[in-house]
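Participant: My questions will all concern the structure given below.
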Amino acid sequence: FHNPCKPNLSRNPGQKRFAKELMMGQEMMLLMMSHPLVQLLDLGVDLCGTIYRFEMNLFGLTQHYYNKTTFLDLTSDLRVAAFFATTKYDCEEDSYLPIDEDDNAIGVLYYYDLDINSDFGVCANGSKSILSTIGLQVFPRSGRQKGFLYNLPVNQNFNDIPQVHAVRFHQKKDLSEKIWSYFHGGKDLFPDDILARHWRENYKDRRLVSTRTILMNKMFNKNMTLKQVEDEAKSLGLEIRDYVPKFSDEELDQYYNAVLNDDYWQNFCRQIHIPGDKDGKMMATLLSLPEDPRYRWAFEPDKHHITDFDKGYVLRKFKGCL
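In this text, residue positions in the sequence shown follow our numbering: the first is 3, and each later residue adds one.
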């Protein structure tokens, strides 16, 4: 039990500015937007005459891949919650271990009472709900964890929210090990995917950001000039260079090989529910997208394609940074 209970971005009570942490998350967002499948699903696909786009919660995804945000992770799966309640994180090894204390150690399971009148919608004052879905995304961690996000203001304590409850229990070593083993030591919830590998290999302890990241940060700080954003980054020890955050050709080859040979796309699609698709035609169309000439560029290498960012939702918003 932690009091106060806060997201990782706001756990230092003396910190007033979070520019460095947010810039690293924005660098990751730009990296994710370079992925062909992210681009395809944001641009939208034609399913039986109707264009469907898939919601991309890229900032929420940065929370699942080593970055700090204002989000607390929630889950709709009690087994996933049990895993996090009975394991501890080893940051040096980037892995989880079962808690090996018996009886005298107290664990906590939080639960949140949904409010149908305020959660997942637009509040009476026009603002968006602070509770949102993330779930299935191109990069798999949030989907594996059946994720939801609670956007907590910096000065707020999660424990003080009336809808939040905490149930305490006695830790049991054998039970912790059983839950840990059920998820194969956490590998089921934290698969070693292309984004995790790229970030570990290229950004661990890195103090470098792109000029495009500076542009994106300026978008979120409209009261600052570009020069002020640059100066702040430099004052935090960050080096700014002109490059495009993107996956390497070798990394994308791993993705293309998985799509072609490992049922990657089929397994992704089968986790999706399409409302109103009673005869299964829309799902069949979705499954066949890799064979559709309009979309092959997202599934096969060396397909000449120029992305029209204006046709996207997230891509259009950040096209000036891409």
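Beta carbons: idealized from backbone N, C-alpha and C, even for Gly.
What span of residues does the alpha helix (DSSP H) with Val40 cover, start to end?
Facilitator: Along the sequence shown, one-based indexing puts residue 40 at 38. Its alpha helix (DSSP H) spans residues Pro38 to Leu45.
Participant: Measuring alpha carbon to alpha carbon, tell me which of Met25, Gly16 and Asp176 ends up nearest Leu240.
Facilitator: As a first step, residue 240 is located in the sequence shown; it is residue number 238 there, counting from the start. For the residues Met25, Gly16 and Asp176, the minimum Cα distance to Leu240 belongs to Met25.
Participant: When the distance is taken between beta carbons, is Tyr152 closer than 9 Å to Phe73?
Facilitator: Translated into positions along the sequence shown, residue 73 becomes position 71. Translated into positions along the sequence shown, residue 152 becomes position 150. Contact flag set, yes.
Participant: Between which two residues does the alpha helix (DSSP H) harbouring Lys321 extend?
Facilitator: Sequence index remark: in the sequence shown, residue 321 carries index 319 (1-based). No alpha helix (DSSP H) contains Lys321, which DSSP labels as neither H nor E.
Participant: Between the region 195 to 212 and the region 107 to 124, are three or more C-beta pairs nearer than 8 Å?
Facilitator: Counting Cβ pairs under 8 Å, fewer than three are found: no touch.
Participant: At 4 residues or longer, and completely inside the region 141 to 181: list those alpha helix (DSSP H) runs for me, N to C.
Facilitator: 143 to 146, all fully within the region 141 to 181.
Participant: Taking the alpha carbon of Pro247 as the point to measure from, which residue in His37, Trp299 and Met284 has its own alpha carbon closest?
Facilitator: As a working note, residue 247 is residue 245 in the sequence shown. When each option's Cα is compared against that of Pro247, the closest is His37.
Participant: Hey, how far is the Cα of Val261 from the Cα of Met285?
Facilitator: In the sequence shown, residue 261 corresponds to position 259, counting from 1. In the sequence shown, residue 285 corresponds to position 283, counting from 1. Cα to Cα, Val261 sits roughly 17 Å from Met285.
Participant: Output the residue ranges of the alpha helix (DSSP H) runs that lie fully inside the region 253 to 296 and measure 4 residues or longer, sorted by chain position.
Facilitator: DSSP runs (the alpha helix (DSSP H)) wholly in the region 253 to 296: 266 to 271 and 283 to 289.
Participant: Quick one: Cα of Asp190 to Cα of Gly137, how far?
Facilitator: For the purposes of this step, residue 190 is identified with residue 188 of the sequence shown, where counting begins at 1. For the purposes of this step, residue 137 is identified with residue 135 of the sequence shown, where counting begins at 1. Using only the alpha carbons, I get a separation of about 15 Å.
Participant: I'd like to check one pair, Thr71 with Gly27: are the Cβ atoms closer than 9 Å?
Facilitator: Residue 27 sits at position 25 when you count from the first residue of the sequence shown. Residue 71 sits at position 69 when you count from the first residue of the sequence shown. Yes. Within cutoff.
Participant: Could you check where the beta strand (DSSP E) with Asp75 kicks off and where it finishes?
Facilitator: On the sequence shown, residue 75 is found 73 positions in, with the first residue counted as 1. Per DSSP, Asp75 belongs to the beta strand (DSSP E) from Phe73 to Thr77.
Participant: Would you mind giving the Cβ-Cβ distance between Tyr67 and Arg143, rounded to the nearest angstrom? I have them listed as a contact below 8 Å.
Facilitator: As a position in the sequence shown, residue 67 is number 65, starting the count at 1. As a position in the sequence shown, residue 143 is number 141, starting the count at 1. So it is a contact: roughly 7 Å between Cβ atoms.
Participant: Apart from the five residues on each side of it in sequence, which residues of its chain come closer than 6 Å, Cβ to Cβ, to Met58?
Facilitator: Taking the sequence shown and counting its residues from 1, the one referred to as residue 58 is at position 56. Cβ within range, chain order: Asp44 and Val316.
Participant: How close, in whole Å, do the beta carbons of Ala300 and Leu42 come, if the pair is a contact with beta carbons under 8 Å?
Facilitator: Reading the sequence shown from its first residue, position 298 is the one you call residue 300. Reading the sequence shown from its first residue, position 40 is the one you call residue 42. Yes, Ala300 and Leu42 are in contact; Cβ-Cβ is about 4 Å, under 8 Å.
Participant: Any contact of the region 5 to 13 with the region 156 to 169, i.e. 3+ C-beta pairs under 8 Å?
Facilitator: They touch, by the three-pair rule.
Participant: Comparing C-alpha positions only, which one of Tyr297, Cys271 and Lys18 sits nearest to His306?
Facilitator: Taking the first residue of the sequence shown as 1, we reach residue 306 at position 304. Cα-wise, what sits closest to His306 is Tyr297.
Participant: Assuming contact is defined by CB atoms lying nearer than 9 Å, are Val140 and Val47 in contact in what I supplied?
Facilitator: As a first step, residue 140 is located in the sequence shown; it is residue number 138 there, counting from the start. As a first step, residue 47 is located in the sequence shown; it is residue number 45 there, counting from the start. Result no, Cβ atoms of Val140 and Val47 do not sit closer than 9 Å.
Participant: When DSSP builds the beta bridges, which residues end up paired with Glu241?
Facilitator: Along the sequence shown, read from residue 1 onward, the residue named residue 241 stands at position 239. Answer by DSSP bridge pairing, in chain order: Leu210.
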